[in-house]
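The structure appears below as structure tokens.
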Amino acid sequence: MKRPGPLITLLVGLLLGLFMLSLNATTGTKTVSSTPKKESPPVTASPAPTKTSASPSPSPSPSRVPVPDASYAGRTDDDSSAVAVTVRDRKAIAYFCDGHSTESWLKGDVKDDGSMRLTGRNGDELNGTLQQGKRIHGSVDVGGGHYAFTADEAKKPSGLYRATTTVRGARLDGGWIVLPGGKQVGIVTRDSRASAAPAIDPETGAVTVDGQQLTARPATP
Numbered sequence: 001m002k003r004p005g006p007l008i009t010l011l012v013g014l015l016l017g018l019f020m021l022s023l024n025a026t027t028g029t030k031t032v033s034s035t036p037k038k039e040s041p042p043v044t045a046s047p048a049p050t051k052t053s054a055s056p057s058p059s060p061s062p063s064r065v066p067v068p069d070a071s072y073a074g075r076t077d078d079d080s081s082a083v084a085v086t087v088r089d090r091k092a093i094a095y096f097c098d099g100h101s102t103e104s105w106l107k108g109d110v111k112d113d114g115s116m117r118l119t120g121r122n123g124d125e126l127n128g129t130l131q132q133g134k135r136i137h138g139s140v141d142v143g144g145g146h147y148a149f150t151a152d153e154a155k156k157p158s159g160l161y162r163a164t165t166t167v168r169g170a171r172l173d174g175g176w177i178v179l180p181g182g183k184q185v186g187i188v189t190r191d192s193r194a195s196a197a198p199a200i201d202p203e204t205g206a207v208t209v210d211g212q213q214l215t216a217r218p219a220t221p
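Going by the working numbering, the sequence shown opens with residue 1, and the numbers climb by one from there.
Okay, structure coming up:
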């Protein structure tokens, strides 16, 4: 008679396998990935933008006004003296004269804004401003006196004239202002001695001083 041992062993194994299959179906099996998780690189904070302070706006330069080549003539506000100014290429020459004994020649530049500061001997000074190219308004300091003035544009023969020469060994220097309307104010200086000047012919500039025939010409810077 054959032994049933192997058959029983086979049956037991079969039953055990069925039991394990049933258990797996009931609980389920989680599959764990073996791939390691990659770490994200650390985030580096960007530096805050540097605030740039606004540069101060440059102060506007004074506007450049037209400065025509012209002559200007007028009187002081107290009507004691005459003032004439001639402008050429933004340079100016001026003459202050009371027609008796006080006079002064002054020179300087005309700035971009039309202002001018002209200087002469002994600290004499003229400060004025060209207004729309039609007149100069300002003041003159001469011989300790202060004189406000207005000089309007002068058309020939009005304007500023000068004559210099030597007569019988004496240096002669004459200055004339021909005002609009024809009136003349002038001084002749003979070796530093001043006196009223004789009238000139405004059309030709001809004048006789101490018997000497001279020609006064327009004074320019």
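Here a beta-carbon is modelled for each residue, glycine too, at the ideal position from N, C-alpha and C.
Rounded to the nearest whole angstrom, the C-alpha separation of V65 and R88 is 15 Å. Collapsing the DSSP output to three states places G123 in a helix. Residue pairing by DSSP places P218 opposite Y161 in a beta bridge.
Counting of Cβ neighbours within 10 angstroms places S101 among the exposed residues, the total staying below 16.
Around the beta carbon of S80, fewer than 16 other beta carbons sit within 10 angstroms, so the residue counts as exposed. According to DSSP, residue pairing for Q131 in a beta bridge involves R135. Ranked by how close their Cα comes to the Cα of R90, the residues F96, A154, L130 have L130 in first place.
About 25 Å separates the CB atoms of A163 and V110; that is not less than 8 Å, and the two are not in contact. According to the DSSP secondary-structure assignment, K107 is paired through a beta bridge with I93, T119. From the listed residues V67, D98, A94, G159, the smallest Cα separation to D77 is found for D98.
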